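The next block holds one structure in the form of structure tokens; read it before the comments.
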């Protein structure tokens, strides 16, 4: 059996290969398709941490009975500016795809709208969702809990999740302004990478199980991570627990971990997504929202600072012109038959 | 003329004295009353930085023609979940008081609602606003630009404001969960206090006019402050410029500074306030939003961490039982006749 070589793929071809992996594991087309699209998008954008490497975790979570790969998301409420979607224990990605047309229609009609997704299993980044909202000329904000691995500032025990917060602003002639970050100092995966490399983690990232600061990745993983920006980041992370768990009637990060019993599978909880129509909010103004926003971006870039996500957009550009490059090991994750 | 002694006041008496100061400077009752209530609330809560010390700046801003003390705010749109209020170049506080009943009614009706205030002059904290929203059992979020004193992460020049971000969550049997912070590492006033004391500022707070890190408060004030939490805080501050300036058709921090020409008066721009009805969002859930939230707060407090605003609520409790204490110098700011 000869070892397959590194290879490049189009976004469509890669999506299709990933979708097949999930279809063969008895995921329905909603689940398999939605997951494949975000994993392929991550590879296209050079986000290896959310790329094909995540496939195994999704399959494992479904095999453990912690996610339903045959779930058909259901829009259970769509009244006024609020859309409630029951993911039926499927993955968040399919639920978001069901919600998006409603969110766009409601945000255009009312000026702002919210999607609350319940009972969804999370493994991906939030930027694909806020970006999808910006493609409709709308402003997007998304947040969700995860599982309890982060101590509130001043505390010592895991209670909050790494609780990602994402925001997207549409730009007429450029890639959107998008950020998506964990509200912990570092993502859990970053600690894991240093652990495998036998390297210490920077000071300020984590506490050990006794609550003392540590630079030992093992001690950090069995202790607690810390929020970004001290008490301010801790407050934002707590806000995410309140809005995207308590308020929408779904599990907090602490409850999600209790339910799952492990951090090796993807957690199930809820998600909150807001969309705003800038044209509607700025209707009485003599300066269009887009014009003012471009002035701001120009002021950032002109002084040598970068807009967030630019590395990702540059990788996307390269992928679209010369293909998405996968190593031999990565290809084995999506097509074991290629080397036969 | 005998020097007046330190004295204590009830909240009502202090509000009335402050209101008189503004009435005598020809502020109308909407402006004078709304400003007096937030300044008295700050003194009641031990927030000296937003207390009677702010009176002089408000008077100066009006005297310079940069705020209209006779403005009557106008609700210019109230359709669906969006309320637009024109502050008519008066202070934000009166505009918020006009908006609040509409915001509460709309949030209850639709589940979420937004107030965009335009043309308002800002000098106060945002916590009185989110707290007022929580008093109606609703969740509040508020944000606004200020004037350009903060460099984006990776940059060296003032472009962003100290852009405060506030959030409030109602609690049935306790003071609400409330935070309100500048998205810069430190508030400008904190640098000013160290400057007057002849002390250096901590590392990481600011850059000098050449863009080099500095611990000299003078160099910091003529250079640029830094966002909290590095690139993540910088992104949140930028989001505030986009949502609460560009989107609502009002001035960014950079434009507000250009318009005002100085950082010694209060800036004019806009503000965005969101309200959510947690009962509406959690309607299908078997666990009430409040129950889950209390579990979260309990998990924070039980491990020795503090909820934000607790020092303020403790000061309020003391003030309500034994009065609001003002020094002789502070009393002179609100009643020069007391020492005659």
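Chains as they are written, first to last, in this note's numbering: chain V, 112 to 451; chain F, 112 to 451.
Every residue gets a Cβ at the ideal spot worked out from N, C-alpha and C, and that includes glycine.
Quick caveat, the model's predicted, so the values are computed rather than measured.
For residue i, would you say it is in contact with chain V, using Cβ-to-Cβ distances shorter than 7 Å as the test?
i: residue 307 of chain F; result: no
i: residue 217 of chain F; result: no
i: residue 344 of chain F; result: yes
i: residue 326 of chain F; result: no
i: residue 280 of chain F; result: yes
i: residue 265 of chain F; result: yes
i: residue 403 of chain F; result: yes
i: residue 419 of chain F; result: yes
i: residue 162 of chain F; result: no
i: residue 451 of chain F; result: Low local confidence applies: a pLDDT of 39 at residue 451 of chain F is under 50, so the model's placement there is unreliable, and no value is given.
i: residue 131 of chain F; result: no
Figure out for me which residue from the options has the closest Cα to the Cα of residue i.
i: residue 300 of chain F; options: F:336, F:320 and F:281; result: F:336
i: residue 384 of chain V; options: V:174, V:131, V:215 and V:159; result: V:215
i: residue 246 of chain V; options: V:174, V:183 and V:386; result: V:386
i: residue 308 of chain F; options: F:327, F:317, F:187 and F:321; result: F:327
i: residue 258 of chain V; options: V:362, V:331, V:287 and V:267; result: V:362
i: residue 275 of chain F; options: F:189, F:249, F:292 and F:252; result: F:292
i: residue 237 of chain V; options: V:268, V:204 and V:373; result: V:204
i: residue 338 of chain V; options: V:304, V:358 and V:296; result: V:296
i: residue 200 of chain F; options: F:303, F:233 and F:133; result: F:233
i: residue 227 of chain V; options: F:227, F:213 and F:222; result: F:222
i: residue 178 of chain V; options: V:243, V:376 and V:316; result: V:376
i: residue 357 of chain F; options: V:305, V:393, V:261 and V:123; result: V:393
i: residue 287 of chain F; options: F:131, F:401 and F:367; result: F:401
Any beta carbon of chain F sitting closer than 7 Å to that of residue i?
i: residue 363 of chain V; result: yes
i: residue 436 of chain V; result: no
i: residue 389 of chain V; result: yes
i: residue 257 of chain V; result: no
i: residue 431 of chain V; result: no
i: residue 393 of chain V; result: yes
i: residue 112 of chain V; result: Caution is warranted here: a pLDDT of 49 is assigned to residue 112 of chain V, below 50, making its placement in the model unreliable, and the coordinate value is therefore given only provisionally. With 7 Å as the cut-off, residue 112 of chain V does not count as an interface residue toward chain F.
i: residue 91 of chain V; result: Nothing about residue 91 of chain V can be reported from this structure: the residues present for chain V run from 112 to 451 only.
i: residue 411 of chain V; result: yes
i: residue 225 of chain V; result: yes
So with CB distances below 9 Å, who are the chain F contacts of residue i?
i: residue 396 of chain V; result: 229, 359, 360 and 361
i: residue 353 of chain V; result: 250, 278, 280, 288, 389, 400, 403, 404 and 407
i: residue 166 of chain V; result: Here the premise fails: no neighbours, minimum Cβ distance about 28 Å.
Which partner residues does residue i have in the DSSP bridge list?
i: residue 292 of chain F; result: F:276
i: residue 336 of chain V; result: V:261 and V:317
i: residue 202 of chain F; result: F:232
i: residue 271 of chain V; result: V:261
i: residue 166 of chain V; result: Beta-bridge pairing links residue 166 of chain V to no other residue.
i: residue 197 of chain V; result: V:185 and V:229
i: residue 435 of chain F; result: F:120
i: residue 151 of chain V; result: DSSP lists no partner for residue 151 of chain V.
i: residue 382 of chain F; result: F:228
i: residue 387 of chain F; result: F:223 and F:250
i: residue 140 of chain V; result: Paired residue(s): none; residue 140 of chain V is not in a bridge.
Just confirm the distance between the C-beta atoms of residue i and residue j, as a whole number of angstroms; I'd bet it's less than 8 Å.
i: residue 137 of chain V; j: residue 180 of chain V; result: 6 Å
i: residue 129 of chain F; j: residue 151 of chain F; result: 6 Å
i: residue 256 of chain F; j: residue 342 of chain F; result: Between residue 342 of chain F and residue 256 of chain F the Cβ distance is about 19 Å, and since that is not below 8 Å, they are no contact.
i: residue 360 of chain F; j: residue 398 of chain V; result: 6 Å
i: residue 169 of chain V; j: residue 146 of chain V; result: 6 Å
i: residue 278 of chain V; j: residue 251 of chain V; result: 7 Å
i: residue 157 of chain F; j: residue 426 of chain F; result: 3 Å
i: residue 184 of chain F; j: residue 346 of chain V; result: Going by Cβ atoms, the distance from residue 184 of chain F to residue 346 of chain V rounds to 30 Å, so no, they are not a contact pair.
i: residue 407 of chain V; j: residue 352 of chain F; result: 5 Å
i: residue 435 of chain V; j: residue 154 of chain V; result: 5 Å
List, in order along the chain, the chain F residues whose C-beta lies closer than 7 Å to that of residue i?
i: residue 118 of chain V; result: Under the 7 Å cutoff, chain F gives no residues; its nearest Cβ is about 34 Å from residue 118 of chain V.
i: residue 339 of chain V; result: 340 and 343
i: residue 268 of chain V; result: 414
i: residue 290 of chain V; result: 346
i: residue 356 of chain V; result: 403
Please compile the residues from chain V whose C-beta is within a distance smaller than 8 Å of the C-beta of residue i.
i: residue 221 of chain F; result: 191, 192, 193 and 221
Starting from residue i, find everything on chain F with Cβ-Cβ shorter than 8 Å and list it in chain order.
i: residue 260 of chain V; result: Those within 8 Å of residue 260 of chain V in chain F number zero; the least Cβ separation is about 13 Å.
Counting only Cβ pairs nearer than 7 Å, list the residues of chain V close to residue i.
i: residue 350 of chain F; result: 278
List, in chain order, every chain V residue whose beta-carbon is nearer than 9 Å to that of residue i.
i: residue 187 of chain F; result: 395
At a Cβ threshold of 7 Å, is residue i touching chain A?
i: residue 163 of chain F; result: The chain inventory of the structure shown lacks chain A, comprising the protein chains V and F.
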